[in-house]
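Engineer:
Residue numbers (the numbering used here), protein chains in the order written: chain P, -9 to 376; chain A, 3 to 267.
Structure (structure tokens):
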């Protein structure tokens, strides 16, 4: 694959509504999870998550924008503060990943008596079109929904659009909102923890959800500077195994990781950091660990492996994009955020998960892994900027 | 060139292009939705599966029959699956929202349909799910070609499923239903070849797009695959299929394998 430049990034997260605040929160170990206040959670087993508390007052979204669109527009404003879209509008594409799309608006449309506008907002891809309108992007607008791997798949498709000359600039990323729909669903599955999120920890027993938007501006590496770094390879795969649980042997994830590394032309010894999906569920973290060990071999024990879900919760469609951004910022500043919540080692998870505090370490090449409902897997290989 | 070597098609009108009327609006006789029945896949394996999931499996079965392949031919990591839909998740989402936890939550995700297909056929290759109308299907065809061209798969399945019946009142509020009837459909194409494809943005509508809509009705993401099936019926070798969704237009040109070539494969 021809490398793609990551020109700029923008975020809206529970620990920061701009890139540098988000990054500072990750490094200093800010816990962005809290009691959910925006909707009723009293009837749920777990009422905590990574909720953005002041999005409405801080954002500059149009009055009628849904929450998902408001988060995206906030992240877009942050991105545009770092870089402009200097291309013909028809050559600017938008590729967004989401697990939930506009489902909160669909909920409203089904339970209230809305007009056509609310009905349209209930479509999964409405927030992507809202973002395209804000950006003035008249090229392809794609919504990717490979569940919680969406934010990685979106970056990969963005790279494909550039490499096939279907666009000159791509704003790619992911988003998802915390809403009753998804809280009820995960509550019913008993997937949420009453404890804190503890990725890879012996006591881990579930995840907490979060909401966020993360965007990157991609351009062909041959035509643009890459202040943040480059996307060198990507791949996706299906487990073909189970509707909700990952393949117990991680075969699908392993296929995606090996394919992404092959596309990037990197070997195990080149990898300096692994940003794991690391949800804090018993199965996910064990499977991911075994896949990382199989792919990286002995080098797996020499590489820091972190998860940022202890800090912001599982932000679903945004997760992989935020993790990719984290990898690039880690390379920029020579510091890797710790895995918040990881305290007690699990014999089944025996890698270096960056416990206790952020670590000063030079990283250049990162591997980011993602999994989602329906057996969705994705992997990205990223290189930090010079 | 990227070749289409098999097509499976189910619509509210019946199976294949032969079931399509000449004029969907006239034949629909004022109906807003022409529904597809739940396919008969029984047993524990599909106990929780939603109707749209089973329609996806049925479309792949139809494609395999058309291509002359058995189920085992597509399993493993060499086959990519690209799924497109604008509406199919709506039924399960509605059931979960209105009916409480009567639906197993993972089935509310758009990824449920391709997941059931991947499980059924043991697909473990490249995996992309695009949400949107006809343009999402065009982009799925482009993505399939991209995966083929980069060597990330040896064959690619493009699948689209659209169901409307459960959310009929909701769809009736949208302006995109003006040119109805909304016709439920499940369509599937098998792509092979070197990945070369002509993908274009902002194209004018191809005649096939009009014919597909006139004959099948509004099928959203299934439209381009129905157009491919109609092109093959008409003997076109290099059809250009186009589609529109929310003001954006896309087009793609693919090669259609002849009946003789399909038999040889």
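Here a beta-carbon is modelled for each residue, glycine too, at the ideal position from N, C-alpha and C. Quick caveat: nothing in here was measured; it's all calculated off a predicted structure.
Determine whether the Cβ of residue 166/A lies closer than 7 Å to any Cβ atom of chain P.
Structural biologist: Counting from 1 along the second chain, the entry for residue 166/A is found at position 164. It does not: the Cβ of residue 166/A has no partner Cβ on chain P nearer than 7 Å.
Engineer: DSSP three-state call for residue 270/P: helix, strand or coil?
Structural biologist: The residue given as residue 270/P occupies position 280 in the first chain. The answer is coil: DSSP assigns residue 270/P none of H, G, I, E or B.
Engineer: Does any C-beta atom of chain P lie closer than 7 Å to the C-beta of residue 231/A?
Structural biologist: Residue numbering aside, residue 231/A sits at position 229 when the second chain is read from its first letter. For residue 231/A, the answer is no, since every Cβ of chain P falls outside 7 Å of its Cβ.
Engineer: Does chain A have any CB closer than 7 Å to the CB of residue 200/P?
Structural biologist: The residue labelled residue 200/P in the question sits at position 210 within the first chain. No, residue 200/P does not count as interfacial toward chain A.
Engineer: Which residue marks the beginning of the beta strand (DSSP E) containing residue 131/A, and which one marks its end?
Structural biologist: As a first step, residue 131/A must be located in the second chain, where it is residue number 129. 129 to 133 is the extent of the beta strand (DSSP E) around residue 131/A.
Engineer: Compute the Euclidean distance between the alpha carbons of residue 310/P and residue 25/A, then round it to the nearest angstrom.
Structural biologist: Translated into positions along the first chain, residue 310/P becomes position 320. Translated into positions along the second chain, residue 25/A becomes position 23. Roughly 46 Å between the two C-alpha positions.
Engineer: Where residue 303/P and residue 22/P are concerned, what is the direct C-alpha to C-alpha distance, given to the nearest angstrom?
Structural biologist: Translated into the one-based positions of the first chain, residue 303/P becomes position 313. Translated into the one-based positions of the first chain, residue 22/P becomes position 32. In a straight line, the C-alpha of residue 303/P is about 8 Å away from that of residue 22/P.
Engineer: Any beta carbon of chain D sitting closer than 7 Å to that of residue 320/P?
Structural biologist: This model lacks chain D altogether; the protein chains it does include are P and A.
Engineer: Which chain P residues sit within Cβ distance under 9 Å of residue 192/A?
Structural biologist: For this step, residue 192/A is matched to residue 190 along the second chain. Neighbours of residue 192/A on chain P: none; closest Cβ ~16 Å, over 9 Å.
Engineer: So, is residue 291/P buried or exposed, given that buried needs 16 or more other C-beta atoms within 10 angstroms?
Structural biologist: By 1-based counting over the first chain, the position of residue 291/P is 301. Residue 291/P is exposed by the Cβ-count criterion.
Engineer: Under DSSP, the beta strand (DSSP E) around residue 247/A begins and ends at which residues?
Structural biologist: Translated into the one-based positions of the second chain, residue 247/A becomes position 245. Unbroken beta strand (DSSP E) run through residue 247/A: 242 to 247.
Engineer: Taking only three categories from DSSP, how would you classify residue 129/P?
Structural biologist: What you label residue 129/P is simply residue 139 of the first chain in a count that begins at 1. In the structure shown, residue 129/P sits in coil (DSSP, three-state: anything other than H, G, I, E or B).
Engineer: For chain P, find out if any of its Cβ atoms is closer than 7 Å to the Cβ of residue 117/A; answer yes or no.
Structural biologist: Here the question's residue 117/A lines up with position 115 in the second chain. Yes, residue 117/A counts as interfacial toward chain P.
Engineer: At least one CB of chain A closer than 7 Å to the CB of residue 133/P: is that the case?
Structural biologist: Taking the first chain and counting its residues from 1, one reaches residue 133/P at position 143. With 7 Å as the cut-off, residue 133/P counts as an interface residue toward chain A.
Engineer: Counting only Cβ-Cβ distances shorter than 8 Å, please list the residues of the segment 165 to 179 of chain P near chain A, keeping chain order.
Structural biologist: Residues passing the 8 Å Cβ filter: 171, 174, 175, 176, 178, 179.
Engineer: Can you tell me which of 209/P, 348/P, 280/P, -9/P puts its alpha carbon nearest to the alpha carbon of residue 319/P?
Structural biologist: Position 329 of the first chain holds residue 319/P. The option with the nearest alpha carbon to residue 319/P is 348/P.
Engineer: Taking the alpha-carbon positions, what's the residue 2/A to residue 186/A distance?
Structural biologist: Since the first residue of chain A shown is 3 and the last is 267, residue 2/A is not available in this structure.
Engineer: Can you give me the C-alpha to C-alpha distance between residue 218/P and residue 314/P, rounded to a whole angstrom?
Structural biologist: Against the first chain, residue 218/P aligns to sequence position 228. Against the first chain, residue 314/P aligns to sequence position 324. Roughly 11 Å between the two C-alpha positions.
Engineer: With 9 Å as the C-beta to C-beta threshold (strictly closer), list the residues of the segment 196 to 218 of chain A near chain P in chain order.
Structural biologist: Answer in chain order: 199, 201, 202, 203, 204.
Engineer: Are the C-beta atoms of residue 129/A and some chain P residue less than 7 Å apart?
Structural biologist: As a position in the second chain, residue 129/A is number 127, starting the count at 1. Taking Cβ atoms only, chain P reaches closer than 7 Å to residue 129/A, which makes this a yes.
Engineer: Taking 7 Å as the threshold (beta carbon to beta carbon), is residue 9/A in contact with chain P?
Structural biologist: The count along the second chain starts at 1 and reaches residue 9/A at position 7. False, the Cβ-Cβ gap to chain P never drops below 7 Å.
Engineer: Do the CB positions of residue 114/P and residue 133/A come within less than 7 Å of each other?
Structural biologist: Taking the first chain and counting its residues from 1, the one referred to as residue 114/P is at position 124. Taking the second chain and counting its residues from 1, the one referred to as residue 133/A is at position 131. Taking 7 Å as the Cβ cut-off, residue 114/P and residue 133/A qualify as a contacting pair.
Engineer: In its own chain, which residues sit with a C-beta less than 6 Å from the C-beta of residue 8/A, not counting the 5 before and 5 after it?
Structural biologist: On the second chain, position 6 is the one that residue 8/A refers to. Contacts found: 65, 68, 69, 192.
Engineer: Taking 7 Å as the cut-off, decide whether the C-beta atoms of residue 196/P and residue 40/P are in contact.
Structural biologist: Locating residue 196/P in the first chain gives position 206, counting from the first residue. Locating residue 40/P in the first chain gives position 50, counting from the first residue. It is not a contact, given that the beta carbons lie outside the stated cut-off.
Engineer: With distance defined between alpha-carbon atoms, name the residue in 76/P, 118/P, 221/P nearest to residue 84/P.
Structural biologist: Counted from its first residue, the first chain places residue 84/P at position 94. The shortest C-alpha separation from residue 84/P is found at 118/P.
Engineer: When the distance is taken between beta carbons, is residue 162/A closer than 7 Å to residue 139/A?
Structural biologist: What you label residue 139/A is simply residue 137 of the second chain in a count that begins at 1. What you label residue 162/A is simply residue 160 of the second chain in a count that begins at 1. Cβ distance < 7 Å, so residue 139/A and residue 162/A count as in contact.
Engineer: Under a CB-based cut-off of 7 Å, is residue 141/A close to chain P?
Structural biologist: In the second chain, the residue the question calls residue 141/A occupies position 139. Answer yes: the Cβ-Cβ gap between residue 141/A and chain P drops below 7 Å somewhere.
Engineer: According to DSSP, simplified to helix, strand and coil, what is residue 10/P?
Structural biologist: The residue given as residue 10/P occupies position 20 in the first chain. Three-state DSSP puts residue 10/P in a helix.
Engineer: Applying the criterion that 16 or more other CB atoms from any shown protein chain within 10 Å of the CB defines a buried residue, is residue 262/P buried or exposed?
Structural biologist: Along the first chain, read from residue 1 onward, the residue named residue 262/P stands at position 272. Buried: at least 16 other Cβ atoms inside 10 Å.
Engineer: Tell me the DSSP secondary structure of residue 112/A in three-state form.
Structural biologist: Numbered from 1 along the second chain, position 110 holds the residue referred to as residue 112/A. Three-state result, residue 112/A: coil.
Engineer: List the endpoints of the continuous alpha helix (DSSP H) containing residue 317/P.
Structural biologist: Locating residue 317/P in the first chain gives position 327, counting from the first residue. Its alpha helix (DSSP H) spans residues 309 to 323.
Engineer: Residue 154/A: which of 195/A, 14/A, 95/A, 188/A sits nearest, CA to CA?
Structural biologist: Within the second chain, the letter at position 152 stands for residue 154/A. The candidate whose alpha carbon is nearest that of residue 154/A is 195/A.
Engineer: At what residues does the beta strand (DSSP E) containing residue 55/A begin and finish?
Structural biologist: Mapped onto the second chain, residue 55/A falls at position 53. Note, residue 55/A: premise wrong, no beta strand (DSSP E); alpha helix (DSSP H) at 53 to 69.
Engineer: Using a C-beta to C-beta distance shorter than 8 Å, which residues of chain A count as neighbours of residue 260/P?
Structural biologist: Within the first chain, the letter at position 270 stands for residue 260/P. Per Cβ cutoff of 8 Å: no residues; residue 260/P is ~20 Å from chain A at best.
Engineer: Taking all protein chains shown into account, do 16 or more other C-beta atoms lie within 10 angstroms of the C-beta of residue 217/A, making it buried, or fewer, making it exposed?
Structural biologist: Position 215 of the second chain, counted from the first residue, corresponds to residue 217/A. By the 10 Å Cβ count, residue 217/A comes out buried.
Engineer: Is there at least one Cβ from chain P nearer than 7 Å to residue 125/A's Cβ?
Structural biologist: Taking the second chain and counting its residues from 1, one reaches residue 125/A at position 123. At least one chain P Cβ lies under 7 Å of residue 125/A.
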